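Read the structure below first, then the notes.
There are 6 protein chains.
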Amino acid sequence: MPDTITRLREERERLNEKVLQAKNLGINRFFALDERVYEAGALDTRTKELLGLVASAVLRCDDCLGYHLTRCVEEGVGDEEILEALNVSLVVGGSIVIPHLRRAVDWLDELRVEEKANRV
Amino acid sequence: MPDTITRLREERERLNEKVLQAKNLGINRFFALDERVYEAGALDTRTKELLGLVASAVLRCDDCLGYHLTRCVEEGVGDEEILEALNVSLVVGGSIVIPHLRRAVDWLDELRVEEKANRV
Amino acid sequence: MPDTITRLREERERLNEKVLQAKNLGINRFFALDERVYEAGALDTRTKELLGLVASAVLRCDDCLGYHLTRCVEEGVGDEEILEALNVSLVVGGSIVIPHLRRAVDWLDELRVEEKANRV
Amino acid sequence: MPDTITRLREERERLNEKVLQAKNLGINRFFALDERVYEAGALDTRTKELLGLVASAVLRCDDCLGYHLTRCVEEGVGDEEILEALNVSLVVGGSIVIPHLRRAVDWLDELRVEEKANRV
Amino acid sequence: MPDTITRLREERERLNEKVLQAKNLGINRFFALDERVYEAGALDTRTKELLGLVASAVLRCDDCLGYHLTRCVEEGVGDEEILEALNVSLVVGGSIVIPHLRRAVDWLDELRVEEKANRV
Amino acid sequence: MPDTITRLREERERLNEKVLQAKNLGINRFFALDERVYEAGALDTRTKELLGLVASAVLRCDDCLGYHLTRCVEEGVGDEEILEALNVSLVVGGSIVIPHLRRAVDWLDELRVEEKANRV
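Residue numbers (the numbering used here), protein chains in the order written: chain P, -6 to 113; chain A, -6 to 113; chain Z, -6 to 113; chain F, -6 to 113; chain S, -6 to 113; chain B, -6 to 113.
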C-alpha cells in the first residue's frame, strides 16, 4: 500500500534525526545547503518550492515529491498551480511519471483535509 | 512487502479516477495520448506492449512494469517471450534492473494463476 | 567543442521540420502538447519556463536546457533568478549536473550579448 | 555538430577494438552477453532490435540509439514501424527524449540513402 | 513502511530462486557475471563492495543499496568508511539521494545489532 | 568527434571560472563541498576517486568520468584497478554504459601518454 503523507513525514523526521546523529560533517553540511536553497532570494519561496516539486516529479522520487507538495501547500500554492506544475513534469518526464503524479494527487487531497482540520 | 499485481491494479484504478476528476486539461490529454500509443498500427499491440514492458523495466518503474506485464499476458504473449524481453532490459539496464526483474517474474506467476482461474 | 546556443537553435529548427515531415500522428500530437504546456494558465509563462529549465537541468539534457534558457531570457527572467533556479537543480540533482550548469552559464552570456545586439 | 551515423559507426569500431585489447575478462564477457541477447529465440531479431531501440531512446543514449537504428534497418524494419517505436519511447520517456528522436529521424534518412546506394 | 534489511533479504532469496527456476539462459548468465564482478582481483572485495554501494546509491535502488550495505558490513567495512562513501553518493547524486541515504543509515543500525547478536 | 581529455580539461577550467564569477553563493558553496568530499578521511583519496569514477560511469556523465579518470591517474591508480572499477560500473549500469566505457579506455591511453611525457 502506498504511504500516506503522514507516514512519509514521520519516517522523514525519525530518520533525519538518525542521519544528524551519525555526525558525518560532509553530510550535515549538505543538509544545511539543501535547506538554504529554498529560502527566498531573487525568486520567492513559492516559486522555489514549485521548482523542487517539478525536480522531484521528473526524477521520480516519492519522498521528495511528498515533501515539496507539503511545502507548496504550506506556502499557499493553489491546486490549479500545483496541477499545472505536475503537468509540466508529466510532459517533460513522460508516462513514467504517472504513478508519482497519481500519488501526488492523492496526497494533495490528504493535505487539504489536514489544512481544513487545522483551521478549525 | 512488495505489492501484488492485484493491489497495483486496484490502486491504479482508484487513483486514475482521482486524476481524471482533478480536470486538468493537459494531464487528461496526456492520458489519452498514452492510451492511443499502444493501439495497433504498423506494429501490432503485442509488439507495442513488449516495447512498453522493456521501457518500464529499464526506467525501473514497478507500477508501469506491472501494468505492461498484465497487458502482455492479456495479449497472449508467452512466458519465453516475456523472459527474453526482460533479458534485453537486464543487459541494457544492468544489475540495477534485477529487483524489478525479480518482481516481474513473481507477478507473472500471479497473472498465470489468475488466467487459469478465469478460464474455468 | 560544446555547442553554442546559435548552433543548438539551428539544429533544433532543421530537425523539428524533419520530424513534422515524417507525419507520425502520435509524435506530432505530442509536440503540440509539449508546446501548450508552457502557455500561461494558473501559473504564468515565466514560472513555467523556470520549471522547464529545472526539469531539463536535473534530467541533464543540454538541448532542453539551452531551449528553456532561451525562453527564460525572452520572457525577461533575470540572471539572478536563473542562477537560483540552476542552484535548486544543482542541489537536487548533485554534482553530476555541474557540466550542464557550466554550459548554461556560458550560454546565458551568449544570450545576453545577442539581446543587447538586438536592442540596438 | 551532431555526429552522423557514419562517424558513430567508425568511432564505435575503433574503440570496441581498444576495449577488447584491454583484456579485462569481465568486460569482454559482458560484451559477449550483449551480442547474444539480440539473437533470435522466442522473439525474432527484428522485435529484439526494436526493444533495443526503445530502451536506448528512453535511456537517452545517442550511440546506442544510432546502433539499434542501424540494426533495425539491416533487419528490414520499415520507417512506419520505427516511428511507432520512437513514439512509444516519446510517450514513456517524455519531451526529454525529443532531442534524441530528432537525431534518430535524421540518421534514419542517412541510413536509407546508404541503403539505396548499396542496392545499386 | 520502509522494508527492514531482514525483509529485503528474505524477499531477495525467495525471488532469486524463482528467477533461476525460470531457466532463461541469458538471465542466468547475467546473474553469474554479477556475482563474479565483486570478487577480489586488482581491487579487493571491500573496495568493490564500496563501489557497488555508491553505484546503488546514486542510481537510487533501495534493494541494491541494502544488499551492498550488508556485504560491506560482512567484509568488515567500518561506519565512518560507509558514511564517507554515502557522502560521495550524496554530493554526486544530489538531495534526491537523501531518502535512500536515510534508509541506509537505518539499515546500518539494524546490521550492527545483528552483528553483535551473532558474535555472542 | 569525441572530446579528448585535454579539451575536456580546458573547457572545464574556462567554464568553472565563469561559474565562480557569476557569484551565486549557493552554487559556490556546493562547489566547495564537492571538492572537500574527495579529500582523505576514513577512506583514502584513491578509493574516493574510484567511487567518483564509478558514480560518474553509472550516471553516464562523460565530463565527470574524464575528470575522475584524470584524478585516478594522478593518484597512481593502475590500469587493472581502473578497468575493474569500470567493469563494476558496466555490470551495475548495463550496456548503456558501454559508449562511456569506450571513451574512458581511450582517455586512459591519452592520460598514460601524457604521464610518460611529463616524466621525461
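All C-beta atoms in this analysis are idealised placements derived from N, C-alpha and C, irrespective of residue type, glycine included. Everything numeric in this text was worked out from a predicted model, so none of it was measured.
Suppose the cutoff is 7 Å on Cβ atoms and the five residues either side in sequence are ignored; what does the same chain contact list for F/Glu103 look like? Closer than 7 Å at Cβ, skipping near neighbours: Thr(-3), Ile(-2).
B/Tyr60 lies in the alpha helix (DSSP H); which residues open and close that run? For B/Tyr60, the uninterrupted alpha helix (DSSP H) segment begins and ends at 55 to 67.
Report the three-state DSSP secondary structure of F/Leu52 (helix, strand or coil). Looking at F/Leu52 - three-state DSSP - the assignment turns out to be coil, as it is neither helix nor strand.
Quick one: is P/Arg112 buried, meaning 16 or more other Cβ sit within 10 Å of its Cβ, or exposed? Flag for P/Arg112 reads exposed.
Exposure label - A/Val47; buried when at least 16 CB within 10 Å: So A/Val47 counts as buried.
Residues in its own chain within less than 6 Å of Z/Val70 by CB, not counting five upstream and five downstream? Hits under 6 Å: Arg39.
Could you check if P/Arg96 is buried or exposed, using at least 16 other CB atoms within 10 Å of its CB as the buried criterion? Buried: at least 16 other Cβ atoms inside 10 Å.
Closer than 8 Å at the beta carbon, the chain P residues around Z/Val85: Chain P residues near Z/Val85: Gly45, Ala48, Ser49, Leu52, Cys57.
Closer than 8 Å by C-beta to S/Val51: which residues in its own chain qualify, once you throw out the five before and the five after it? Chain order, please. Answer for S/Val51: Ser82, Val85, Gly86, Val90, listed in chain order.
Since A/Leu26 and P/Val98 are thought to touch, with beta carbons under 8 Å apart, how far apart are those beta carbons, to the nearest angstrom? Taking 8 Å as the upper bound for CB-CB distance, A/Leu26 and P/Val98 are not in contact here, some 18 Å apart.
Is S/Lys41 helix, strand or coil when you go by DSSP? Looking at S/Lys41 - three-state DSSP - the assignment turns out to be helix.
Would you verify that the beta carbon of B/Asn80 is, or is not, closer than 9 Å to some beta carbon of chain F? Interface residue, yes.
Using a threshold of 9 Å, state whether the C-beta atoms of P/Glu42 and P/Cys57 are closer than that. With respect to the 9 Å criterion, P/Glu42 and P/Cys57 are not classified as neighbours on the basis of their beta carbons.
Do you know how far the Cα of B/His93 is from the Cα of B/Asp55? Take the alpha-carbon of B/Asp55 and the one of B/His93: they are about 6 Å apart.
Closest to A/Asp72 by CA distance: which of F/Leu36, F/Asp72, F/Phe24 is it? Looking only at F/Leu36, F/Asp72, F/Phe24, the smallest Cα-Cα distance to A/Asp72 is reached by F/Leu36.
Quick check on B/Val113 - is its C-beta less than 9 Å from some C-beta in chain Z? When Cβ-Cβ separations below 9 Å define contact, B/Val113 makes no contact with chain Z.
Use the C-beta contact count for B/Leu62: other C-beta atoms within 10 angstroms, 16 or more gives buried, fewer gives exposed. Buried: at least 16 other Cβ atoms inside 10 Å.
Would the beta-carbon of B/Gly19 fall within 9 Å of that of Z/Glu74? Against a cut-off of 9 Å, the Cβ pair of Z/Glu74 and B/Gly19 comes out as no contact.
Inter-residue spacing [alpha-carbon to alpha-carbon] between F/Tyr31 and B/Arg29: Straight through space, the alpha carbons of B/Arg29 and F/Tyr31 are spaced by roughly 44 Å.
Under three-state DSSP, which class holds A/Val113? Coil, per DSSP.
For Z/Leu79 and Z/Glu107, I'd like the C-alpha separation in whole angstroms. If I take the Cα positions, the gap works out to 21 Å.
Mind pulling the chain P residues with CB within less than 7 Å of Z/Leu94? Neighbours of Z/Leu94 on chain P: none; closest Cβ ~13 Å, over 7 Å.
Chain-order list of residues whose beta-carbon lies under 6 Å from that of B/Ser49 (same chain, five-residue window excluded): By the criterion of a C-beta distance shorter than 6 Å, B/Ser49 is surrounded in its chain by Cys57, Leu58, His61, once the five residues flanking it on both sides are discounted.
Is S/Arg53 buried or exposed, if buried means 16 or more other CB atoms sit within 10 Å of its CB? Counting of Cβ neighbours within 10 angstroms places S/Arg53 among the buried residues, the total reaching 16 or more.
Output the distance between the C-alpha atoms of A/Arg5 and A/Val12, rounded to the nearest integer angstrom. Those two C-alpha atoms are separated by around 10 Å.
Identify which residue in F/Ser88, F/Ala33, F/Lys16 has its Cα closest to the Cα of Z/Arg22. Cα-wise, what sits closest to Z/Arg22 is F/Ser88.
Nearest-angstrom Cα distance between P/Ala15 and B/Gly34? Cα to Cα, the separation comes out at about 15 Å.
Near-chain B residues of the region 22 to 45 of chain F (beta-carbon distance less than 7 Å), N- to C-terminal order: For the region 22 to 45 of chain F, which is checked against every Cβ of chain B, the residues closer than 7 Å are Phe23, Asp27.
Looking at F/Leu44 and A/Leu1, is the spacing between their C-beta atoms short of 9 Å? Between A/Leu1 and F/Leu44, the C-beta spacing is not below 9 Å.
For S/Gly87, the three-state DSSP class (helix, strand or coil): Of the three classes helix, strand and coil, the one that applies to S/Gly87 here is coil, per DSSP.
If you measure from the beta carbon of B/Gly19 to each beta carbon in chain P, is any gap under 9 Å? B/Gly19 counts as touching chain P.
Straight-line CA distance for A/Leu101 to S/Glu10? About 15 Å.
Delimiting residues of the alpha helix (DSSP H) encompassing S/Lys11: Unbroken alpha helix (DSSP H) run through S/Lys11: -2 to 15.
Using the three-state DSSP reduction, which class does A/Ala35 fall into: helix, strand or coil? Looking at A/Ala35 - three-state DSSP - the assignment turns out to be coil, as it is neither helix nor strand.
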